[in-house]
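Numbering (mature numbering (1 follows the signal peptide of the UniProt record, and there is no 0)), first residue to last: -18 to -1, 1 to 700.
Glycine included, every Cβ here is placed at the ideal spot set by N, Cα and C.
First the structure, in the form of structure tokens, and then the observations on it.
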């Protein structure tokens, strides 16, 4: 039999069978209970079925086989959505619907919620039999995969697959050269194949509510495209689409608008929990508030600049060093909180945010503020505390709406007089030099910082730990309980944390340049082993704590001044006798009875042992050629001084009222400093001459004692 004749016969049989399928037969076979709203069937002049709509009917086993024998079919709609009832009456050549929204987005499936599992799960391979198919609508089903054979439907012009579970498209979709409309809204797509650029007749492409982070550059090859709708978090738009009027991002006309807070969270901080990340949308489903805290991110993606409706952004306490280039697009932003980030320089992009009301830049390592800050004309609150600012531009006085400016704990030489101090509150609480002193060198580097009488909540502010140029740090009377910053400050020469509430001494875990350390009047009862790292230490004050031992003390071999009055020592710490550079030693107000090895402290000039339990004057003091003063007052059993000490040249104090040099009631002024039993209100008068006493205090330097003859003032005590 001739092959051509055989093909003719088969084609004739197929057409004949198709012609025998009437709309009534199809309805009886597929959905006999359908009403006219849910079933619409149309035939041409020859009785061939060319349009079939089966709406809101669910086929759990897939599209009925009978349909694939209707080879004349051009329009097949099995979208499960009540809004589509009458949309296809004039679909053959009518493109008016191209400019309407994808109605299936509404997801009105409530009437059939019990049958949701009966939606079409897949597209059979037999779909290729429908070679005349021009319109295929399978919206709101349960499709997960699109077969690659769909690319064989060469006459297909309208393909609507929105509201399914499709996460990828076959590359063969690029073979649908006749395609005009492609609807893929809400399909969980993570990518688009590059072959989409081959759809040379495509005019409308809907990609809303997917999980796309990029669009292939090939989409720019679509010469007939009139409409692209997308609201995914696109990092970068192909250059061919930038600025095109047909590119629509919902009602916002922006590049890459992030539709949901979940999508934004996945981009900013996928590991964040609900305590760290907060996001809010308005009634138009637009993100207007983002909160992200607690050291979670080090950079902000470019997509943040696409949230043009954003009004509040709080990203404090992270590791952000700069802002993305399109940050200035956030023209509606009113509240911006960037505190506790290492920005170092003022982000110039902020100066474009003319709607800004509140700006928080506390503790950001800022060294200067640009004069263009005056551009933020609506600014009401500006927080710039705990930075490295040495001056503030006069132009800040032009912010007429400003009512709160915080400049605390900078190194300001002065506050601009252009600021209306009657109107602007909380300018600088610490600018009183008696409680805060900050010094900078010629290179604008902070080298000295003094803070007193502040109410810190347990810990030293973290900003101090990043001032790596610090040489002197004094924080007194500020309720500090602990600090872990000292190891960062490798240039530190002096550290004074006296009169706080420290319960654990900072752990020094590396060699240090520290020369002066004062931890007097705190609450600790032990000395960490790491303290032995301080090999360059010359002066150490641990007075008035609760120490009973001091291991490794011999490692501090360069000590010249050691003050440990008012502790709980029963014995002199072992190894102390090895500190042969020691010049001044105060062990008063402990429970000592003896001092073994005292004679080895050959450079000792001052020895304070008052308020202990000595029964006699240690005879070893006669071997100390440099010794000038010994204070043994308030040791009950020492009531007199043996004659052998009379010509020793050593000033010996044996009780509160007697000394070897004076018969009047006299005390050493330096001993007053270490004797907590003597209060200012007890003092009636102090007499003495400047020739007999010298006490030098140089600004915030550690007090230095100098002996010039006698160091005794006449002091009357009631």
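CA nearest to the CA of residue i, picked from the options
i, options, result
"residue 301", "329, 545, 346", "346"
"residue 296", "311, 322, 288, 285", "322"
"residue 422", "526, 184, 372", "372"
"residue 454", "474, 443, 469", "474"
"residue 348", "578, 54, 366", "366"
"residue 508", "501, 514, 528", "528"
"residue 354", "339, 342, 374, 205", "374"
"residue 577", "553, 490, 210, 619", "553"
"residue 318", "293, 324, 325", "293"
"residue 533", "551, 518, 542", "551"
"residue 324", "331, 309, 138, 298", "298"
"residue 287", "53, 615, 279, 311", "311"
"residue 8", "27, 52, 143, 26", "52"
"residue 285", "389, 110, 443, 194", "194"
"residue 334", "309, 326, 340, 22", "309"
"residue 405", "379, 394, 390, 393", "379"
"residue 612", "606, 596, 632, 619", "632"
"residue 434", "420, 456, 314, 443", "456"
Coarse secondary structure for residue i, derived from DSSP in three states
i, result
"residue 293", "coil"
"residue 558", "helix"
"residue 108", "helix"
"residue 701", "The requested residue 701 does not occur in the structure, where the chain is confined to residues -18 to 700."
"residue 16", "coil"
"residue 285", "helix"
"residue 637", "coil"
"residue 444", "helix"
"residue 131", "helix"
"residue 580", "helix"
"residue 590", "strand"
"residue 94", "A caution first: residue 94 carries a pLDDT of 36, below 50, which makes its placement in the model unreliable, though a value can still be read off. In the structure shown, residue 94 sits in a helix (DSSP, three-state: H, G or I)."
"residue 648", "Since pLDDT at residue 648 reaches only 37, below the 50 mark, its modelled position is unreliable, and the value read off the structure follows with that caveat. Three-state result, residue 648: strand."
"residue 566", "strand"
"residue 534", "coil"
"residue 328", "coil"
"residue 505", "coil"
"residue 341", "strand"
"residue 397", "coil"
"residue 490", "coil"
8 angstroms contact criterion, which residue i and residue j should meet: CB distance rounded
i, j, result
"residue 570", "residue 592", "4 angstroms"
"residue 56", "residue 121", "So it is not a contact: roughly 18 angstroms between Cβ atoms."
"residue 133", "residue 161", "10 angstroms between Cβ atoms; not a contact."
"residue 153", "residue 136", "Actually they are not in contact, since the Cβ atoms of residue 153 and residue 136 sit about 16 angstroms apart, beyond 8 angstroms."
"residue 283", "residue 305", "Not quite, the Cβ-Cβ distance comes to about 11 angstroms (not below 8 angstroms), so this is no contact."
"residue 20", "residue 6", "The pair is not a contact, with the Cβ atoms about 15 angstroms apart (cut-off 8 angstroms)."
"residue 428", "residue 465", "With a Cβ gap of about 17 angstroms, residue 428 and residue 465 do not count as contacting."
"residue 338", "residue 360", "6 angstroms"
"residue 175", "residue 151", "6 angstroms"
"residue 564", "residue 586", "6 angstroms"
"residue 54", "residue 111", "Rounded, the Cβ-Cβ distance is 11 angstroms, inconsistent with contact."
"residue 208", "residue 185", "5 angstroms"
Opening and closing residue of the beta strand (DSSP E) in which residue i lies
i, result
"residue 612", "611 to 613"
"residue 458", "454 to 458"
"residue 59", "57 to 59"
"residue 22", "21 to 25"
"residue 462", "462 to 464"
"residue 523", "521 to 523"
"residue 419", "418 to 422"
"residue 32", "31 to 36"
"residue 430", "428 to 434"
"residue 163", "163 to 165"
"residue 210", "209 to 211"
"residue 498", "498 to 500"
"residue 387", "386 to 388"
"residue 363", "363 to 365"
"residue 119", "117 to 119"
"residue 144", "Counting along the chain, residue 144 falls outside any beta strand (DSSP E), and DSSP gives it neither H nor E."
"residue 187", "186 to 188"
"residue 543", "543 to 545"
Taking 8 angstroms as the cut-off, does the region 153 to 173 touch the region 189 to 202 (at least 3 CB pairs, one atom from each stretch)? yes
Any contact between the region 508 to 525 and the region 533 to 553? By contact I mean 3 or more CB pairs, one from each, below 8 angstroms. yes
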